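Data first, discussion second: the structure below is written as structure tokens.
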Amino acid sequence: MNANHFIVWLLMTCLFCDGNVTAQERSVSGNTSRESAVRPDGTLDLNQLWSRGRAVGDAPVRFKHSPMRLEDVERITPYGLMIGGHVCPIDHGYFYPKPLRPGQPQFDVFAPADGFVVMIGHRTQLTGSSERQREYDDYALHIEHSATVYTFYDLLTQLDPAILKEIDQATRDRFTRKQMGPPIQTRIPVKAGQVVGKVGGRSLDIAVIDTNTRLKGFLSPKLYGHYAWRVHVVDPFDYFDEPLKSQLLKLNPRTAAPRGGKIDHDIDGRLAGNWFREGSGGYPGDRRDPRGYWMGHLAFAYHHVDPSVVIVSIGDFDGKPRQFAVVGNGPAPANISAKEGLVKYELTYAPFNSNGTPIELPPQMRGVQGVLLVQL
Numbered sequence: 028m029n030a031n032h033f034i035v036w037l038l039m040t041c042l043f044c045d046g047n048v049t050a051q052e053r054s055v056s057g058n059t060s061r062e063s064a065v066r067p068d069g070t071l072d073l074n075q076l077w078s079r080g081r082a083v084g085d086a087p088v089r090f091k092h093s094p095m096r097l098e099d100v101e102r103i104t105p106y107g108l109m110i111g112g113h114v115c116p117i118d119h120g121y122f123y124p125k126p127l128r129p130g131q132p133q134f135d136v137f138a139p140a141d142g143f144v145v146m147i148g149h150r151t152q153l154t155g156s157s158e159r160q161r162e163y164d165d166y167a168l169h170i171e172h173s174a175t176v177y178t179f180y181d182l183l184t185q186l187d188p189a190i191l192k193e194i195d196q197a198t199r200d201r202f203t204r205k206q207m208g209p210p211i212q213t214r215i216p217v218k219a220g221q222v223v224g225k226v227g228g229r230s231l232d233i234a235v236i237d238t239n240t241r242l243k244g245f246l247s248p249k250l251y252g253h254y255a256w257r258v259h260v261v262d263p264f265d266y267f268d269e270p271l272k273s274q275l276l277k278l279n280p281r282t283a284a285p286r287g288g289k290i291d292h293d294i295d296g297r298l299a300g301n302w303f304r305e306g307s308g309g310y311p312g313d314r315r316d317p318r319g320y321w322m323g324h325l326a327f328a329y330h331h332v333d334p335s336v337v338i339v340s341i342g343d344f345d346g347k348p349r350q351f352a353v354v355g356n357g358p359a360p361a362n363i364s365a366k367e368g369l370v371k372y373e374l375t376y377a378p379f380n381s382n383g384t385p386i387e388l389p390p391q392m393r394g395v396q397g398v399l400l401v402q403l
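Using the numbering used here, the first residue of the sequence shown is number 28, and each one after it goes up by one.
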């Protein structure tokens, strides 16, 4: 084995953390304390947390408008991608715009259905990570459509003037100064098809949350702290009416069900799913660690486009987050229990890109990159 290969021993039963709420977690929710919205099992009352208890109605919500114009979208990446610091399967999808045309600096982003913008976040740096050195100027929106259904957008490069004018002057000034601060809670009415902001040359992040749905593949919501809303993330395509649904699906390379992707892989007593190093703070991580909140993360899951492909995603592989396929594509993590004893995975880079398209890897990325030994 050459010097580029690593042997990693993991005793999986020691990787659970207690999921206790930290002061940092309590502070991220704007004007509503997370403690008042957390349930005994770690799930969150999102009406209380995001809508301050003002959301009403639980009738089915149907999306009437695409988040972006169809002619502006080059491709849609489904939920579940694992890449870089996104060690656990990602809880949102991506609308990738086509290349910007001359004189067109940005693309419009629309509300998919009637509702209220209830939270607005503004990111100017990624705190608690070496990534904080990058320049950020992004907006995130939570749109309430009912007491149970929300749309989450991220990476907006601008808010629409109709949204901005409803925000107090002090907050607008903070946004202009690119000064970090907590998300603000608002209640700004929007209509389906109304422009809420713009996105530039990067992707538009999107997730749909429906509290009527509880994903079974998250065994320990407490481990996710203020991110426990991900147990309610649902397939966005299921909320669009035809013909829009089919038009959007044509832009999505995933053909397996669920078409919107899968992020919950935990199986009680099996290797599959998300793991967190004991004492690392669960999914929120240790924000004091300059290397990133993901350093204690580990996932045994499946490719977001081709779910037949096993992916091992490691937060700390020689000090950096890395994602690997495995030689022989097995054994499947869902089949590994305590009775299998010590299991060996040979790690190799997957020969395809984030869209599932085959690519030719450079010589240094071919072959076995490391050996992982696991035991439940």
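Backbone N, C-alpha and C fix where the C-beta goes; we use that ideal spot for every residue, glycine too. Since the model is a prediction, treat every value here as computed from it, not as a measurement.
For E158, the three-state DSSP class (helix, strand or coil): Summary for E158: the model assigns pLDDT 48, below 50, so the residue's position carries little reliability; its value from the coordinates is reported in the next sentence. Here E158 sits in helix by DSSP.
C-alpha gap between L108 and D85, whole angstroms: 30 Å
Straight-line gap, F90 to V235 (C-alpha atoms, nearest Å): 11 Å
Three-state secondary structure assigned by DSSP to G252: helix
Straight-line Cα distance separating V370 from T184: 46 Å
Sequence ranges, beta strand (DSSP E) only - wholly within the region 209–254, length at least 3: 211–217, 222–226 and 231–237
Proximity below 9 Å, CB of I170 to CB of P139: yes
Rounded distance between the beta-carbons of P360 and R297, thought under 8 Å: 7 Å
Three-state class that DSSP yields for N382 in the structure shown: coil
Cβ distance (whole Å) where V100 is taken to contact L278 below 8 Å: 6 Å
Inter-residue spacing [alpha-carbon to alpha-carbon] between K218 and L275: 20 Å
For E171, three-class secondary structure by DSSP: strand
I386 to I341 span [Cα, whole Å]: 22 Å
Classification of M392 by the beta-carbon crowding that lies within 10 angstroms, buried from 16 upward: exposed
G397 (DSSP reduced to helix, strand or coil): strand
Separation of I110 from S157, as counted between CA atoms: Low confidence applies here, because S157 scores a pLDDT of 49, under 50, leaving its location unreliable and the question unanswered by this model.
Cβ-based burial, K192 [other Cβ within 10 Å; buried from 16]: exposed
Distance between V83 and E52 (C-alpha atoms, nearest Å): In this prediction, E52 has a pLDDT of 30, which is less than 50 and means its spatial position is unreliable; what the coordinates show is noted afterwards. The alpha-carbon atoms of E52 and V83 are separated by roughly 26 Å.
Local Cβ density within 10 Å of P67, reported as buried at 16 or more and exposed below that: exposed
Closest Cα partner of G288 within the set M322, V332 and D268: V332
Sub-9 Å separation of A352 and L325 beta-carbons: no
Residue environment, D232, which counts as buried when at least 16 other CB atoms sit within 10 Å: buried
Exposed unless 16 or more other CB atoms sit within 10 angstroms - verdict on T203: exposed
Residues bridged to D181 [DSSP beta-bridge criterion]: D232
E373 - partner residues in DSSP beta bridges: V398
Reduced DSSP category for E101 - H, G, I as helix; E, B as strand; rest coil: strand
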